[in-house]
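This report refers to the structure that appears directly beneath it.
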Amino acid sequence: MGILKDLFDVGDFGADGRPPPEPHCVDTVYLLWAAKTRAEAAHFMTEVEACMRRAQDEPHRYPALVAWVHITRAPPDEPASPPFRHGRPHMGEVFDRVTRQTSHKPTLVFTCGPRAMTNEAWDQSVRVTSHGRRLDFRYEVFEF
């Protein structure tokens with residue numbers, strides 16, 4: 000989560016009294032995160048929500064943030080409200096949606112989840128960029 004906290008200047012990264020960042024060159028950040036349960040996701044949701052608020056409150060200074068938090072082992076009766084989704088992400092659909100929504104604007108995809116998921120996301124990123132589209136990609140492997 001460090002890269003998100005730094006990008007949106009929240010948490011301990013913004014506590015040193017430095018001036019706010021200049022407007023960002025990235026137009027949109029897509030956060031694709033997978034956790035087995037909401038309890039696992041809760042470890043970092045405070046930071047994610049702070050980044051989302053910063054993006055909404057200061058759109059002239061920070062990129063838009065689209066967060067998809069997939070709970071892969073959600074109980075069937077647990078409601079799924081944004082940014083939460085049940086099940087595993089379908090990477091081809093995710094990356095097709097990202098490219099449709101952002102056209103040719105500077106875009107960052109940040110993936111956090113198990114190694115197999117981050118590898119699949121990387122493969123989709125390569126597929127998209129091989130068709131002439133620039134997409135910045137960052138990842139963190141997150142497994143309990």
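The sequence shown begins at 0 in numbering that gives the first Met the number 0 and counts up by one.
We put the beta carbon where it would ideally sit given N, CA and C, even for glycine.
Tell me the residue span of the beta strand (DSSP E) that contains Arg84.
Start and end: Phe83 to His85.
For the beta strand (DSSP E) holding Thr110, just list the boundary residues, first then last.
It spans Thr106 to Gly112 - the beta strand (DSSP E) in which Thr110 sits, taken as one unbroken run.
Using the Cα positions of Ala49 and Ser129, report the straight-line distance between them to the nearest angstrom.
Distance between the alpha carbons of Ala49 and Ser129: 34 Å.
From what residue to what residue does the alpha helix (DSSP H) around Leu3 run?
Here the alpha helix (DSSP H) through Leu3 covers Gly1 to Leu6.
Go ahead and pull the three-state DSSP assignment for Asp26.
Asp26 falls in the coil class under three-state DSSP.
Can you name, in chain order, every residue of its own chain whose Cβ lies under 8 Å from the Cβ of Asp26, other than the five neighbours on each side?
Pro62, Ala63, Thr101, Lys104, Pro105 and Thr106, listed in sequence order.
Expressed to the nearest angstrom, what Euclidean distance is found between the alpha-carbon atoms of Pro82 and Trp67?
Roughly 5 Å between the two C-alpha positions.
Quick one: is Pro88 buried, meaning 16 or more other Cβ sit within 10 Å of its Cβ, or exposed?
Per the 10 Å Cβ criterion, buried.
Starting from the Cα of Ala38, find the closest Cα among Arg126, His69, Gly1 and Met90 and give me that residue.
Comparing Cα-Cα distances from Ala38 to each of Arg126, His69, Gly1 and Met90, the minimum goes to His69.
Could you compute how far the alpha carbon of Trp32 sits from the alpha carbon of Thr110?
The alpha-carbon atoms of Trp32 and Thr110 are separated by roughly 6 Å.
His59 lies in the alpha helix (DSSP H); which residues open and close that run?
Looking at the DSSP string, His59 is not in any alpha helix (DSSP H), and its letter there is neither H nor E.
Under a three-way DSSP split, which group does Asp76 fall into?
It is coil, neither helix nor strand.
Classify Val47: buried if its beta carbon has 16 or more other beta carbons within 10 angstroms, exposed otherwise.
The residue is buried, with at least 16 neighbouring Cβ atoms inside 10 Å.
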